[in-house]
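Going by this note's numbering, the first residue of the sequence shown is number 1, and it counts up by one from there.
Idealized CB from N, CA, C, for every residue including glycine.
Predicted, not measured: the structure shown is a model, and the values here were computed from it.
To start, the structure under review is shown below, and the notes come after it.
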Amino acid sequence: MTVPEKRPENNGAATVQERLVAEVTPLIEQLVAEKVASQLAAGDTTLWGPEAEPEASIRLGWLKAHETSRPLVPEIEALRAELAAEGVDRVVLAGMGGSSLAPEVITNTAGVPLVVLDTTDPGQVADALEGDLSRTVLVVSSKSGSTVETDSHRRIFTEAFAANGIDPASRIVVVTDPGSPLESTATEAGYRKVFRADPNVGGRYSALTAFGLVPSGLAGADLTTLLDDAEATAGKLGSDAEGNPALLLAAALGAAHARGAEKVVLADTGSGIAGFGDWAEQLIAESTGKNGTGLLPVVVENAEAPGFLDAKEDATPVAVGPAAEGVMLATEGTLGGLFLLWMTATAVVGRLLAINPFDQPDVEAAKKAARALLDAPPEETPTPTFVDGPVEVFAPDGLLAEGTTTLGAALGAFFATTPEFGYVSLQAYLDRIADASAIVLRPEVARRTGVQTTFGWGPRFLHSTGQYHKGGHQNGVFLQITGAVTHDLAVPGRPYTLGTLQMAQALGDGQVLADHGRPVLRLHFTDRAAGLAHLVKAVQEVGA
Ligand code: PA5
1 MTVPEKRPEN NGAATVQERL VAEVTPLIEQ LVAEKVASQL AAGDTTLWGP EAEPEASIRL
61 GWLKAHETSR PLVPEIEALR AELAAEGVDR VVLAGMGGSS LAPEVITNTA GVPLVVLDTT
121 DPGQVADALE GDLSRTVLVV SSKSGSTVET DSHRRIFTEA FAANGIDPAS RIVVVTDPGS
181 PLESTATEAG YRKVFRADPN VGGRYSALTA FGLVPSGLAG ADLTTLLDDA EATAGKLGSD
241 AEGNPALLLA AALGAAHARG AEKVVLADTG SGIAGFGDWA EQLIAESTGK NGTGLLPVVV
301 ENAEAPGFLD AKEDATPVAV GPAAEGVMLA TEGTLGGLFL LWMTATAVVG RLLAINPFDQ
361 PDVEAAKKAA RALLDAPPEE TPTPTFVDGP VEVFAPDGLL AEGTTTLGAA LGAFFATTPE
421 FGYVSLQAYL DRIADASAIV LRPEVARRTG VQTTFGWGPR FLHSTGQYHK GGHQNGVFLQ
481 ITGAVTHDLA VPGRPYTLGT LQMAQALGDG QVLADHGRPV LRLHFTDRAA GLAHLVKAVQ
541 EVGA
C-alpha cells in the first residue's frame with residue numbers, strides 16, 4: 001500500500017523515514033494518551049463526536065464478532081451437510097458491497113468455489129443461471145433487505161428454480177437483519193433458512209458476522225480458523241500501546257491525509273489473500289469519503305503497476321509518513337486478523353478525520369436517481385454526441401471542441417479536465433467475467449495520463465467507491481462505460497429488465513456526479529468486444 005501524491009524535490013534534509021516518523025509518532029502518542037484503542041474495544045460510542053453517536057451506538061458489534069459469531073459455525077456446517085446430502089453443493093451469492101466482498105475474499109483465499117452476483121449485467125446473471133441449478137443453493141444476503149440488485153437476483157432465481165421443477169423455497173437461504181422486508185418475504189415464502197444477522201454491525205464491517213460467514217461456510221471455507229485468527233489479533237488491537245498495528249496504520253493514514261494526501265494505493269505483494277484490496281477499498285472509501293474529505297483507495301494490479309511504482313522508490317519496508325513523498329506501508333497477517341486490523345484502523349481514521357465512519361450519506365442519491373429513471377424512463381433514446389466505430393460517445397456540453405469525431409480526441413479533452421492531484425475513475429457497467437479484459441484500461445489510463453486511476457465495475461462500485469466519488473474530495477473525472485445487451489432478462493414482478501436497471505444505474509449515477517459539477521463522459525459499446533478493443537487502442541494513443 002502506498003499513499004502517493006505529489007512528490008517535492010529532495011532537498012537533502014531529513015530522510016523520508018525520519019520525516020515520517022516525526023509526523024506519525026506524535027499522532028500515535030496522542031491516540032495512546034487518549035486511550036482510543038481500549039475505548040474502541042470497549043465499545044465507546046462517543047469517539048466520533050456527538051453527531052455520530054446515535055449511529056455509532058448501533059454499529060460497533062463487529063468488535064466482538066469473533067466471539068458472538070461462534071454459534072453460527074455449527075449451524076452453517078449442519079446446513080452445508082444437509083444440502084450436500086441432497087446433492088446441492090453449488091453456492092450462488094446474491095449480495096452487494098458489504099454483503100458480498102468479504103465472502104468473495106474468504107472463499108477465493110480458501111480456494112473454494114462461490115459464484116458472486118453483485119451485478120445487474122444480464123449476461124453475467126444469465127451465466128450464473130446456466131450453471132447446474134439442480135445442485136444450486138442461492139444465498140440472498142442483504143442487511144437492509146431492500147437492495148434492488150439483490151432483490152432482482154432473488155426474483156430471477158426463484159423463477160428459474162421453478163421453471164426447472166425445483167422448489168425455490170428449498171433452495172433459498174437468507175441472511176438479513178431482523179425485521180427487514182426480506183425477512184418477512186422469507187418467512188412468507190418458507191425459505192430454507194433465515195440467518196438473522198447482528199443488527200449492530202454495518203455492511204462493510206460485517207466480514208466476521210453472518211454476512212461473511214454463511215456464504216463462505218456453505219461454500220466450504222474453514223470458519224473456525226478465520227474466527228480464531230481474528231481473536232488472536234483482537235487483544236493487540238485493543239491495547240493502548242505505541243506498537244498497536246491498528247494505531248500505527250491509522251496514524252500513518254491520518255498523518256498522510258493531514259499533509260494533503262487523498263489516495264491510498266493498495267497492491268497485493270503475494271499475500272495469498274485474493275481480493276483483499278477490493279474489500280479494503282470498500283471499507284476505506286465508504287467509511288471515509290464524506291463531507292468533502294476522505295481517502296480514495298486506488299487498487300492496483302501489483303507492486304509494479306503505474307501509480308505504485310513512484311512511491312516505491314522512496315519506500316522502506318514498513319514506513320509511514322507524509323503522502324507528499326509517496327510512502328509504502330505493509331500490513332501482513334492472517335485473513336481474520338487483517339479484517340479486524342483494517343476495520344479498527346479505519347474506525348480510528350474516522351476519528352482523526354472528524355467524520356462518522358459508519359454512515360454512507362451519498363450512496364442514496366444514486367439509488368434515487370436510478371429509481372426515478374426506472375419510474376419515468378426518458379421517452380427518447382439519448383442521441384450520442386458522435387459515434388466512432390463501435391463506440392457511441394456521450395459528452396457533456398462544452399467538453400469537446402466542435403467537430404470532434406474521434407474517440408482519441410474526446411478522451412484527450414476529457415482527461416485534460418482532471419484537476420491537479422485529482423483522479424480518473426473508470427466505471428464499467430459490463431459483465432465482470434465475460435468482459436474481464438476491461439481491467440487493462442486502468443494501468444493503461446494511469447500510464448498515459450500520469451494520473452491516479454481507479455477502476456470499478458458498475459453497479460458494484462456504487463456500494464463502495466461510489467460514496468467517495470460523491471462525498472469525498474471533489475477532484476475526480478468519471479469515464480462511464482456501458483455496453484449493448486444481447487439477451488436481456490426480465491425481473492419477475494417488476495416493470496423493468498436487468499438491462500434497463502443497469503442502464504438506469506449508470507445514467508442515474510452519472511447525473512448525480514454531474515450535479516456535483518464533475519465531468520462525466522459516457523462511452524457506449526454497440527458491440528462489447530469491438531468497443532473495448534477500440535477504446536484500448538484510443539487510450540494507447542492519448543498523449544502519444
Ligand atoms: O457497507 C455498506 O453498508 C454497503 O456497502 C452495503 O453493504 C451494501 O449497500 C449492501 O446493502 P444491503 O446489505 O443492505 O443489501
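Under the three-state reduction of DSSP, M328 is assigned to strand. In this structure, DSSP gives A267 a state outside helix and strand, which the three-state scheme calls coil.
Cα atoms of I355 and Y205: separation of roughly 16 Å, rounded to the nearest angstrom.
For A434, the closest alpha carbon among the candidates S57, A33, Q124 and T68 is that of Q124.
Where Y468 is concerned, the enclosing alpha helix (DSSP H) starts and stops at T465 to G471. In the three-state scheme derived from DSSP, where H, G and I count as helix and E and B as strand, Q360 is classed as coil.
Of the residues G97, R259, Q282 and E23, the one whose Cα lies closest to the Cα of L266 is Q282. For S141, there is no enclosing alpha helix (DSSP H); the enclosing beta strand (DSSP E) covers residues T136 to S142. In the DSSP assignment, P297 forms a beta bridge with V264. By the neighbour-count definition (other C-beta atoms within 10 Å, threshold 16), G493 is an exposed residue. Remark: the shortest separation between the CB of E104 and any heavy atom of ligand 1 does not fall under 7 Å. Taking the Cα of P357 as reference, the smallest distance to any Cα among L218, M343 and G111 is reached at M343. Inter-segment contact for the segment 211–222 and the segment 71–82 is present: three or more beta-carbon pairs are separated by less than 8 Å. Residue range V391 to F394 is occupied by the beta strand (DSSP E) that includes E392.
As DSSP reads the structure, Q480 sits in a beta bridge with Q427 and R522. Using a cutoff of 7 Å, the CB of S216 does not count as near ligand 1, since none of the ligand's heavy atoms is closer than that. Under the DSSP assignment, D388 falls in the beta strand (DSSP E) whose first and last residues are F386 to D388. Taken through DSSP and simplified to helix, strand or coil, T288 comes out as helix. Inter-residue distance for R192 and L138 is about 10 Å (C-alpha atoms, whole angstroms). As computed with DSSP, K64 is found in no beta bridge at all. Closest by C-alpha distance to L208, out of K236, H66 and A280, is H66. Counted as a single uninterrupted DSSP element, the stretch harbouring W342 is not any beta strand (DSSP E) but the alpha helix (DSSP H) occupying residues L335 to L352. The C-beta of D132 has fewer than 16 other C-beta atoms within 10 Å across all chains shown, which makes the residue exposed. Counting only residues of its own chain and dropping the five nearest sequence neighbours on each side, F195 has a CB closer than 6 Å to the CB of V175, A210 and V214. Comparing alpha-carbon positions, the option among G350, S134, S239 and P122 lying closest to N164 turns out to be S134. The nearest non-hydrogen atom of ligand 1 is less than 7 Å from the C-beta of H463.
Distances from the CA of W279 to each of T107, F161 and P361 were compared; the closest alpha carbon is that of T107.
Contact between the segment 285–294 and the segment 344–351 is present: three or more C-beta pairs spanning the two stretches fall below 8 Å.
With a beta-carbon spacing of about 20 Å, N475 and G543 fall beyond the 8 Å limit used to define contacts. Note on A241: under 16 other CB atoms within 10 angstroms of its CB, so exposed under the neighbour-count rule. Scanning its chain for C-beta atoms nearer than 7 Å, with the 5 sequence neighbours on each side dropped, one finds around E301 the residues P443, in chain order. In the pairwise beta carbon analysis, the segment 136–153 is classified as touching the segment 87–94: at least three pairs are separated by under 8 Å. Distance between G517 and T293, taken at the CA atoms: about 16 Å. Take the alpha-carbon of E149 and the one of S99: they are about 12 Å apart. I172 and A274 have their C-alpha atoms roughly 27 Å apart.
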